[in-house]
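Numbering (UniProt numbering), first residue to last: 1 to 359.
Positions of the beta carbon are idealized from the N, C-alpha and C atoms, including for glycine.
Below you'll find the structure, written out as structure tokens, and then a few comments.
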Amino acid sequence: MTDPAVDALRPEADPASPAGLALDRLASYLAEHRPELAAGPLRAQLIAGGKSNLTYLLQLGDREVVLRRPPLGHVLATAHDMTREFRVISALAPTEVPVPGALLLCADPEVIGAPFYLMERMPGEVFRSRRQTDPLGDERRRALAMAMMDTLAALHTVEPTAVGLGDFGRPEGYLARQVRRWAGQLDRSRSRPLPGIDELRDLLAATAPEGANAGRIVHGDYRLDNLLASADPVAVHAVLDWEMATLGDPLADLGLLLTYWDVLGGSETADGNPVADGLGPRAGFPTGAELIDRYSGRSDVDVGPLHWHVALGCFKLAVICEGIHYRHTLGQTLGEGFDRIGEMVAPLVAHGLTAARER
């Protein structure tokens, strides 16, 4: 199967030089640093669907590779770190965690206007809408969801020092630091009143657990549409979008996944929304509780209560959605569907407050 995001590549006004990518300077850089990648004509197209970093399919003669760069305009500090993504997929290459092959990192923003990296184009499909997941049927939807959890369990069992990631983060105090970090990101993205979000921030800060599982590799935004997968047969070919990866508590990954799956995926606001359409029980997938059971059977992580972690997931995702909404109001997003992202903030805050108050 092929990635429909690639199949649905939208032509730009000048398809030889899509927005956010200076092809002439890129071609010169490749000719100097990786001449084997510059052996043929260079063309590029923006891959549809990205809500954060921009992703392009490059045609290098007969070869296709993928380029990742930060979004245009309003970029939050540390939130779109290309070096971080490149390092983690390079480190995970020899493990059981499927990742794209890392080809080239350029930290110099002068080349195309921002740091970027190149990776191999992988097979598979990004499942992000009911249009794609409805035809799968119950059996294949369930198998796909379980493969997603098996892959997350495999990630959380990787020993960071064994793959050169022992210094990839600071596990101590990770959860409290996450609250402070996303509170700071919120302050830099405020453009309208957001009732309840400051109360949620304060509740999280006052009740942050120690994090008994700290020290694992955390993806930071793990969900179905950050995977390249196939449904016939069911397989996960690559985990994508590692920009927020670090060493921390794997329960943060589970809490955010449940936020996508049960909170957004269980809401009517998810229908047709580019963030959550096609996810969760409303779309015919197993429940979040079944996902956690599958994960627990394949991981040594002590799952325990996840209320606080779901609340953190709601807060984090609300801040991310608000940042995307802000960039959209400034005309700094590329692609469709951004006009509805802001609608997700209020229900996320409401559910986060409910979860944070649970004991």
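Close Cβ partners of residue i (< 7 Å) along its chain, the five nearest in sequence each way excluded
i: R34; result: L104
i: M146; result: R294
i: W261; result: L279, G280, G288, L291
i: F116; result: L67, R68, R69, M82, C106
i: D225; result: V126, F127, R128
i: A183; result: R201
i: P286; result: R142, A145
i: Y29; result: C106, V111
i: L152; result: Y222, D253, Y295
CB-CB length for residue i against residue j, believed under 8 Å
i: L257; j: R223; result: 6 Å
i: L194; j: E322; result: 7 Å
i: G196; j: L353; result: 6 Å
i: Q185; j: A252; result: Contact doesn't hold; Cβ gap of about 15 Å is too wide.
i: E199; j: R84; result: With a Cβ gap of about 31 Å, E199 and R84 do not count as contacting.
i: I89; j: L26; result: About 20 Å; that fails the 8 Å criterion.
i: D277; j: R170; result: Not confirmed; about 36 Å, so no contact.
Where residue i sits in the DSSP three-state scheme
i: H74; result: At H74, the pLDDT of 42 sits below 50, so the modelled position is not reliable and the matter cannot be decided from this model.
i: R357; result: helix
i: F168; result: coil
i: L104; result: strand
i: I47; result: coil
i: G248; result: strand
i: R192; result: coil
i: L240; result: coil
i: L30; result: helix
i: R216; result: strand
i: Y222; result: coil
i: L67; result: strand
i: L37; result: helix
i: A208; result: coil
i: L57; result: strand
i: A350; result: helix
i: V234; result: strand
i: A19; result: coil
Chain-order list of residues whose beta-carbon lies under 6 Å from that of residue i (same chain, five-residue window excluded)
i: A79; result: Caution is warranted here: a pLDDT of 47 is assigned to A79, below 50, making its placement in the model unreliable, and the coordinate value is therefore given only provisionally. Excluding residues within five positions, none has a Cβ falling inside 6 Å.
i: V163; result: A91
i: L136; result: A231
i: V345; result: A318, C321, E322
i: A114; result: R69, P70
Neighbourhood of residue i by C-beta distance below 8 Å, restricted to the same chain and skipping five residues each side
i: S230; result: M1, P123, G124, E125, H237
i: P18; result: E12, A44, Q45, L46, Y56
i: D138; result: G284
i: H328; result: F338, D339, I341, G342
heavy atom of the ligand PLP below 7 Å from residue i C-beta
i: G284; result: Judged by which ligands are present, the structure shown has none, so any question about the ligand PLP falls away.
Exercise. Which full runs of the alpha helix (DSSP H) of 4+ residues lie inside the region 277-335, going along the chain?
Worked result: 288-296, 307-329
Problem set entry | At least 3 beta-carbon pairs within less than 8 Å: the region 303-313 vs the region 202-211 | yes
Exercise. Just checking, does the region 172-183 make contact with the region 210-219 on the three C-beta pairs under 8 Å criterion?
Worked result: yes
Problem set entry | Segments assigned beta strand (DSSP E), at least 3 residues, entirely inside the region 113-187 | 116-120
For this session: Flag this pair as touching only if the region 156-168 and the region 295-306 have three or more C-beta atom pairs under 8 Å; answer yes or no.
Result: yes
Problem set entry | Segment contact, 8 Å Cβ cut-off, at least three pairs: the region 38-46 with the region 58-72 | yes
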